[in-house]
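S.K.: Residue numbers (the working numbering): 38 to 414. We put the CB at the ideal spot given by N, CA and C, even for glycine.
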């Protein structure tokens with residue numbers, strides 16, 4: 038990493054400059070290599086992070102890259118008492134030309150702003166969202182592996198920091214970005230994973246925060262996730278809160294069902310599930326391949342009937358971490374549905390190969406989905 042990169046202040050044409058402070062004790066090249074050789078998921082973090090402050094009336098100010106470390110928070114901060122918090126997840130890939138690239142970051146920036154609006158937090162401009170990730174990726178470029186299958190998972194987040202116990206939106210906030218080398222989210226995912234049908238718990242309801250990427254949604258899913266693991270399942274399936282019959286999300290993943298005639302069905306974005314970037318990408322790729330894609334309700338009864346008659350051939354989940362993961366079976370207290378194709382469906386495999394090929398640079402990016410951060414050592 039060139040030393041001058043850590044010493045200069047990068048100035049954008051609009052004057053939004055990042056201060057960059059080098060970590061005085063970065064991990065050695067051998068330590069980084071050891072992590073990249075067996076990264077796991079979300080277990081190790083790079084040497085730096087991005088922070089940007091928000092306050093009234095000055096707005097967003099003091100963008101900076103600083104050593105990774107604890108955040109000083111007042112015990113009365115809004116995030117600790119009223120859950121004013123959102124986050125995003127995306128990945129940095131190193132291509133064969135040495136350049137670092139992001140996958141459709143403008144979609145993450147837009148969703149981040151929409152989540153902020155729902156949680157009554159200030160909306161970060163899209164260019165600042167993308168630039169902050171680029172700043173961190175360039176400073177910590179040595180943490181981005183060149184091998185396919187290992188990427189740098191980036192976690193932007195925004196928290197309310199005003200110290201005030203009255204119930205209202207915080208007037209001060211902190212935006213941050215941290216990064217973690219990431220391998221496959223599920224071990225042996227190519228064979229398909231089992232998911233647990235939750236009959237007791239709901240993830241979100243109409244008018245709630247289901248479409249926002251906020252910590253409260255994930256906290257509400259943890260008990261059901263523990264129940265799933267106790268039954269030998271990798272994830273939990275949530276259905277609608279009203280009737281508990283319509284498929285919504287599998288943990289933090291969107292679901293797709295492949296019918297025998299090649300049609301793909303995925304639950305609609307009706308405010309209770311997350312508008313996944315991978316979900317949108319799969320829909321576009323599938324349609325370009327000639328598949329009909331229906332965004333409509335899909336019930337447990339239709340799932341069970343289709344699997345038993347052969348009308349349903351494949352099931353898979355999508356997400357930034359999971360990418361495209363086949364679902365081999367649905368398990369519940371009163372139901373067991375085996376996916377006919379298990380983890381080896383041809384449609385699932387073809388879509389995954391094309392999507393990951395675009396992300397890793399081995400398949401041509403004809404849609405302009407990859408955002409080039411430049412060549413970095």
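1. Applying the criterion that 16 or more other CB atoms from any shown protein chain within 10 Å of the CB defines a buried residue, is residue 346 buried or exposed?
2. Helix, strand or coil: which one does DSSP assign to residue 142?
3. Under 7 angstroms, do residue 152 and residue 123 count as touching if we go by C-beta distance?
4. Output needed for residue 402: all residues of its chain with C-beta closer than 6 angstroms, excluding positions within five of it in sequence on either side, in chain order.
5. Which first and last residues belong to the beta strand (DSSP E) in which residue 233 is found?
6. For residue 254, collect the residues of the same chain with a Cβ closer than 7 angstroms to its Cβ; drop the 5 residues on either side in sequence, then sort them by chain order.
7. For residue 362, which three-state DSSP category applies?
8. Determine the DSSP secondary structure at residue 317, reduced to helix, strand or coil.
9. When DSSP labels each residue in this structure, what does residue 187 get in the three-state scheme?
10. Please report the straight-line C-alpha distance between residue 310 and residue 181, rounded to a whole angstrom.
11. At a threshold of 6 angstroms, does residue 349 count as lining the ligand ATP (C-beta to nearest heavy atom)?
12. Going by CA-CA distance only, name the one from 278, 308, 320, 307 that's closest to residue 294.
13. Please name the residue or residues paired with residue 87 in a DSSP beta bridge.
14. Whose CA, out of 312, 185, 144, lies closest to the CA of residue 292?
15. Could you tell me the boundaries of the alpha helix (DSSP H) in which residue 395 lies?
16. Could you name the residues that DSSP lists as bridge partners for residue 109?
17. Is it right to say residue 61 is buried, meaning 16 or more other beta carbons lie within 10 angstroms of its own, or is it exposed?
18. Taking the Cβ atom as the reference point for each residue, do residue 72 and residue 85 lie within a distance shorter than 7 angstroms?
19. Can you check DSSP and say which residues form a bridge with residue 354?
20. Which word fits residue 282, buried or exposed, when buried means at least 16 other C-beta atoms lie within 10 angstroms of its C-beta?
21. Buried or exposed: residue 45, going by 16 or more other Cβ atoms within 10 Å of its Cβ?
22. Enumerate in chain order the residues of its own chain whose CB-to-CB distance from residue 66 is below 8 angstroms, with the five nearest sequence positions on each side excluded.
23. Thinking C-beta only, is residue 149 closer than 7 angstroms to residue 125?
24. List the endpoints of the continuous alpha helix (DSSP H) containing residue 117.
25. Can you give me the start and stop residues for the alpha helix (DSSP H) that residue 374 sits inside?
26. Quick one: what does DSSP say residue 147 is sitting in, helix, strand or coil?
27. Taking residue 337 as part of the alpha helix (DSSP H), name the residues at either end of that continuous run.
28. Determine the direct distance from the alpha carbon of residue 256 to that of residue 121, and round the result to whole angstroms.
29. Taking the C-alpha atoms as reference points, what is the distance between residue 388 and residue 110?
30. If you run the structure through DSSP and keep just helix, strand and coil, what is residue 255?
31. Within the continuous alpha helix (DSSP H) that includes residue 123, where are the two ends?
32. Could you tell me the boundaries of the alpha helix (DSSP H) in which residue 167 lies?
33. Check whether the segment 358 to 366 and the segment 323 to 332 touch, using three or more Cβ-Cβ pairs below 8 angstroms as the test.
34. Just to confirm, is the Cβ distance from residue 114 to residue 229 under 7 angstroms?
35. Evaluate contact between the segment 128 to 147 and the segment 91 to 102, counting only Cβ atoms and requiring at least three cross-stretch pairs below 8 angstroms.
36. Mind checking residue 202: buried by the 16 CB within 10 Å criterion, or exposed?
M.R.: The answer reads as follows:
1. exposed
2. helix
3. yes
4. 395
5. 230 to 234
6. 240, 241, 246, 247
7. strand
8. helix
9. coil
10. 31 angstroms
11. Ligands displayed in this structure: none; no statement on the ligand ATP is therefore possible.
12. 320
13. 102, 214
14. 312
15. 383 to 397
16. DSSP lists no partner for residue 109.
17. exposed
18. no
19. 292, 362
20. exposed
21. Residue confidence for residue 45 is low, a pLDDT of 38 falling below 50, so the modelled location carries little weight and cannot support an answer.
22. 179
23. yes
24. 115 to 119
25. It is not in any alpha helix (DSSP H) - residue 374 instead sits in the beta strand (DSSP E) that spans 372 to 375.
26. helix
27. 337 to 346
28. 13 angstroms
29. 44 angstroms
30. helix
31. Element bounds for residue 123: not the alpha helix (DSSP H) but the beta strand (DSSP E), 122 to 124.
32. 163 to 176
33. no
34. no
35. no
36. exposed
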